[in-house]
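Trainee: Right, I'll just put the structure down here and ask away after.
Residue numbers (my numbering): 275 to 974.
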């Protein structure tokens, strides 16, 4: 029977309308999905393993009875009956277990986290307990569960305000760094049923629910029954610039990182928001991002949380600039900033001021004010919930809008210095500057870092200077004529650092990165070896796609053209993994294996990604900062030439630069057959290129 939502639809108060909807929704939910109290577990009637069905459990109990019967009777006939039944059952249990985990691996295909969960279950690894037995407070060990959750909530709610108060006062204000305001203004168009359906079905499944225990999976199943009242509530929110109060409550779960488990500082807060609030955020997100893109608001140096902008793009842009400087006999200092709880320290008044500057005004700005104001959270741990506390600063963790609001907050960061160049990926920021004279380089960097300090202080952010470090890139000079200082504190110089998931070293030879990959892939290959007798080949190939391939894919455009002696170590591990999967000898020729299973070698994984990047460049979908490093021949000739549309291969001085993206990209693209280059889509292009490489394996 259809539910009557008239009391929701006739209510024009946002909070009242949503509360009425939610109360009726929960009433229906509790009626149709009642809580079932789990009875005490009976070992004889309840399977202890997930793959054991009720019928198999009966068979296990029968086997046990035959065993006890044989022990009592002791005859040859009773022993024979027991052994035959046991052997048949063992074979059936093994095949059932294999089928169960095969389905589990298929369900988590290409999901590293999910695959590792299944592997740990196979190995019967003990799950880490989510409970916190005790914590240390002022030297006293506290074991009371109620006090523990309150202390966690106090700590998490105080992180942002405490860091903000510790930021020194600054003679400049945040608006001193902004440029001309945007003359256009954002207006929230109402949401319609079709759009809402699309947004709901795009929600990720399997995500933990918020305090209301309603998850995305459930909403996707019943959305057609609640779309009318939900559309009404959301449009009231957009029209009045008000976010329902109950949507601004977060459930926080502390997750242990490392160190002393009794210390509050060693726990990370995982914030869980309600699915209804995520849908409303998605509506606002789509409209805000569209407006910002149309008005060209986002900085070209910001690669984080933007469509068609990836960590690889940021890395390639950074590496290209360092490489070009080295080719011109210049020296470069790269500074890698580490913010302290950046998302937690965002000042709401500054954020709202910047939103207004960029064109979010009127009702749209009122909506964001309401979204940020009076947010509350509680900590849930050990089956106990803390009291609600107000969150006074920061952008909501675990939200869709949080990352977007943060990149808006730091969008003007690059205006703080006219000399330094910036690479931004949300709160992962790096600065660099190049010069032919080491002393001038050092003096300029130290001078400009003073301006960077002013911007950070004016925006009430906090740097962790113990983790902020720098690297010196040079072909000829090993020692700088002084130290790099930030806010009168000496920064640590490092020979390698982890930046956006890759280990970058001063020589850009990628030895550290490749050695790290070798360790990881060797470990994962060992896991496949241990499981090879328990699973069929198709499941082992799925494990290859999850435990080996993603590591070879990530950042390969940066490190995939380094020395062959370095890359050969990774290629050997790749071949070893495939030999294990196919159960062949360690000297077996692997070209047929690569070809029959349609798996690319490491060098061709690199070439596929290189070709895809150049295809996207041709299609005009690369970030502008990266696209600008490439030129076509017609940009250099004032007359028509045969290869006018081909990419220009720049003249470079060193072999090092000759093997970097600015040269390898044009070289590879220009060498491709026109049939491949003229593919109608990126997926078709990659498929044609893959077929080309796989066919090449047959020639050996």
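We put the beta carbon where it would ideally sit given N, CA and C, even for glycine.
(1) Could you give the residue range of the alpha helix (DSSP H) that holds residue 811?
(2) Short of 7 Å in beta carbon distance, which residues of its chain neighbour residue 467, apart from the five on each side in sequence? Order them along the chain.
(3) Looking at residue 359: is its Cβ nearer than 8 Å to the Cβ of residue 345?
(4) For the alpha helix (DSSP H) containing residue 388, list its first residue and its last residue.
(5) May I ask you to list the residues that DSSP assigns as paired with residue 895?
(6) Suppose contacts are defined by Cβ-Cβ distances below 8 Å. Is residue 575 in contact with residue 566 by that definition?
(7) Sorted by chain position, which residues of the same chain lie with C-beta nearer than 7 Å to residue 449's C-beta, five sequence neighbours on each side aside?
(8) What residue does the beta strand (DSSP E) around residue 743 start on, and which one ends it?
(9) Taking the straight line between their C-alpha atoms, what separation do you get for residue 513 and residue 461?
(10) Using a 10 Å radius around the Cβ and a threshold of 16 neighbouring Cβ atoms, would you call residue 744 buried or exposed?
(11) Spatial neighbours of residue 507 within its chain, please: C-beta separation below 8 Å, excluding the five flanking residues on both sides.
(12) Classify residue 456 as helix, strand or coil using the three-state DSSP reduction.
(13) Keeping to the same chain, check which residues put their C-beta closer than 7 Å to that of residue 534; ignore five residues upstream and five downstream.
(14) Please go through the same chain and pick out, in chain order, the residues whose beta-carbon is closer than 6 Å to the beta-carbon of residue 867, but skip the five residues on each side of it.
(15) Assuming residue 426 and residue 608 are in contact, meaning their beta carbons sit under 8 Å apart, how far apart are those beta carbons, in whole angstroms?
(16) Evaluate contact between the segment 519-534 and the segment 487-503, counting only Cβ atoms and requiring at least three cross-stretch pairs below 8 Å.
(17) Could you tell me whether the Cβ atoms of residue 791 and residue 844 are closer together than 8 Å?
(18) Can you tell me whether residue 608 is helix, strand or coil according to DSSP?
(19) Using 8 Å as the threshold, is the C-beta distance between residue 966 and residue 865 below it?
(20) Measure the C-alpha to C-alpha separation of residue 840 and residue 959 and round it to an integer number of angstroms.
(21) On the DSSP bridge assignment, give the partners of residue 524 in chain order.
(22) Measuring only the C-alpha atoms, how far is residue 366 from residue 827?
(23) How would you label residue 525, buried or exposed, when you count the other beta carbons within 10 angstroms and need 16 or more for buried?
(24) For the structure I just gave you, are there three or more beta carbon pairs, one from the segment 551-562 and one from the segment 663-681, closer than 8 Å?
(25) Using CA atoms only, rank isn't needed, just tell me which of 654, 601, 612, 369 is closest to residue 484.
(26) For residue 463, count the other beta carbons within 10 Å of its own beta carbon; 16 or more makes it buried, fewer makes it exposed. Which is it?
(27) From the DSSP output, which residues share a beta bridge with residue 766?
(28) Measuring only the C-alpha atoms, how far is residue 704 from residue 586?
(29) Considering residue 663, what are the terminal residues of the beta strand (DSSP E) in which it resides?
(30) Give a yes or no on whether the C-beta atoms belonging to residue 697 and residue 592 are separated by under 8 Å.
(31) Is it buried or exposed, residue 807, if we count other Cβ atoms within 10 angstroms and call 16 or more buried?
(32) Counting C-beta neighbours from all protein chains within 10 Å, is the total for residue 528 16 or more, i.e. buried, or is it exposed?
(33) By Cβ distance, which residues of its chain are closer than 6 Å to residue 638, with the 5 residues on each side in sequence left out?
(34) Are the CB atoms of residue 424 and residue 661 within a distance shorter than 8 Å?
(35) Determine which residues share a DSSP beta bridge with residue 543 and list them.
(36) For residue 665, I'd like the list of residues in its chain whose CB is within less than 7 Å of its CB, leaving aside the five on either flank, ordered along the chain.
Mentor: In this structure, then:
(1) 811-821
(2) 501, 505
(3) no
(4) 386-396
(5) Paired residues: none, contrary to the question.
(6) no
(7) 627
(8) 743-747
(9) 10 Å
(10) buried
(11) 282, 288, 291, 292, 295, 518
(12) coil
(13) 540
(14) 852, 856
(15) Going by Cβ atoms, the distance from residue 426 to residue 608 rounds to 37 Å, so no, they are not a contact pair.
(16) no
(17) yes
(18) strand
(19) no
(20) 29 Å
(21) 651
(22) 39 Å
(23) buried
(24) yes
(25) 654
(26) exposed
(27) 743
(28) 14 Å
(29) 663-665
(30) yes
(31) exposed
(32) buried
(33) 460, 462
(34) yes
(35) 528
(36) 431, 649, 650, 651
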